[in-house]
Amino acid sequence: MTEIVETDLARLRRIADSHPHPLLFATVSGAHLYGFPSPDSDWDLRGAHILPLEAVIGLDDPEETIERMEVTDGIELDLVTHDVRKFFRLLLRPNGYVLEQLLSPLVVHTTPEHAVLCALAPRCITSRHAHHYLGFAAGQMKLWRKEEPRRVKPLLYIYRVLLTGIHLMRSGHLNANLVELNEVFGLPYLPELIQRKLEGAEKGKLEGADLQFHESEYDRLVIELEKARDATSLPEYPSAHDEINDLLVRLRVSNR
Numbered sequence: 028m029t030e031i032v033e034t035d036l037a038r039l040r041r042i043a044d045s046h047p048h049p050l051l052f053a054t055v056s057g058a059h060l061y062g063f064p065s066p067d068s069d070w071d072l073r074g075a076h077i078l079p080l081e082a083v084i085g086l087d088d089p090e091e092t093i094e095r096m097e098v099t100d101g102i103e104l105d106l107v108t109h110d111v112r113k114f115f116r117l118l119l120r121p122n123g124y125v126l127e128q129l130l131s132p133l134v135v136h137t138t139p140e141h142a143v144l145c146a147l148a149p150r151c152i153t154s155r156h157a158h159h160y161l162g163f164a165a166g167q168m169k170l171w172r173k174e175e176p177r178r179v180k181p182l183l184y185i186y187r188v189l190l191t192g193i194h195l196m197r198s199g200h201l202n203a204n205l206v207e208l209n210e211v212f213g214l215p216y217l218p219e220l221i222q223r224k225l226e227g228a229e230k231g232k233l234e235g236a237d238l239q240f241h242e243s244e245y246d247r248l249v250i251e252l253e254k255a256r257d258a259t260s261l262p263e264y265p266s267a268h269d270e271i272n273d274l275l276v277r278l279r280v281s282n283r
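When you number the sequence shown by my numbering, it's gap-free, plus one each residue, and the end is 283.
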């Protein structure tokens with residue numbers, strides 16, 4: 028698992044601490060979570076904040092999503108958070124993005140309520156999450172096919188989401204780290220692709236690759252994900268709605 032070195036952690040905590048509202052949590056997503064950050068990769072910080080009660084019961088629509096960005100030593104630090112109500116609603120849908128953000132092991136800011144939500148997360152995982160990963164992979168593949176020249180990063184994203192989806196359907200456990208996932212799947216071509224990304228630029232080109240092979244691997248893994256979805260023992264719908272609603276109410280009351 029990629030770790031956050033102390034200097035980067037200090038920068039990430041600084042931008043998290045600058046948030047205008049209390050944070051439920053903030054974690055690292057993107058290439059650092061996926062296990063293949065380039066030396067010049069941006070830091071993607073994601074999480075949930077808690078709007079005050081008066082902001083959500085008045086006539087005006089609240090600002091549910093807040094984005095902050097800074098550049099330090101040429102590296103972009105990007106913080107995006109949703110208000111807890113929006114985040115919780117997304118979590119109760121088959122949304123892999125917020126599930127990965129919640130369960131990211133690269134934690135920059137946490138609270139006791141964050142731990143409560145993480146404990147409820149398994150009851151939010153459903154067979155319908157396969158649709159998220161199939162859709163994400165299809166979108167990435169469409170973009171990758173249009174690229175000229177082709178790049179390593181989008182191809183790794185394709186493999187990452189497909190393996191995450193297959194593993195989730197088979198095991199019920201979320202893992203977004205491609206290096207760790209490949210310890211399970213053992214795809215022989217992935218280590219070299221990951222090494223290219225780790226050692227190269229964020230927008231490094233995919234030179235000397237067998238493009239037709241990767242096309243066929245995409246098709247094969249899509250079929251594997253569909254099979255895993257059809258065979259999974261995961262429920263179709265989440266069962267944690269009431270507990271998450273209670274947590275939302277407690278957070279609102281405590282932030283009056």
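A virtual CB, placed ideally from N, CA and C, is assigned to each residue, including glycine.
Counting C-beta neighbours from all protein chains within 10 Å, is the total for residue i 16 or more, i.e. buried, or is it exposed?
i: Lys224; result: buried
i: Leu170; result: exposed
i: Thr259; result: buried
i: His159; result: buried
i: Arg73; result: buried
Under 7 Å, do residue i and residue j count as touching if we go by C-beta distance?
i: Val55; j: Ser131; result: yes
i: Leu106; j: Arg177; result: no
i: Met196; j: Arg150; result: no
i: Ala53; j: Ala43; result: yes
i: Leu51; j: His156; result: no
i: Arg187; j: Tyr61; result: yes
i: Leu189; j: Leu129; result: no
i: Ala203; j: Ile185; result: no
i: Arg277; j: Val135; result: no
Figure out for me which residue from the options has the closest Cα to the Cα of residue i.
i: Pro89; options: Thr99, Asp35, Leu248 and Ile77; result: Ile77
i: Thr108; options: Leu217, Glu210 and Pro49; result: Pro49
i: Glu242; options: Val83, Val143, Arg40 and Met168; result: Met168
i: Gly162; options: Asn202, Tyr245 and Glu270; result: Tyr245
i: Pro262; options: Ile185, Asp69 and Leu119; result: Leu119
i: Asn282; options: Ile271, Asp69, Val111 and Leu86; result: Val111
The alpha helix (DSSP H) with residue i in it runs from where to where?
i: Ser281; result: His268 to Ser281
i: Ile185; result: Val179 to Ser198
i: Ser243; result: Leu238 to Ala258
i: His141; result: Pro139 to Leu147
In the DSSP assignment, find the beta strand (DSSP E) that holds residue i and state where it starts and stops.
i: Thr153; result: Thr153 -> no beta strand (DSSP E), and no H or E assigned at all.
Are the region 121 to 130 and the region 92 to 103 in contact at 8 Å, needing three or more beta carbon pairs? no
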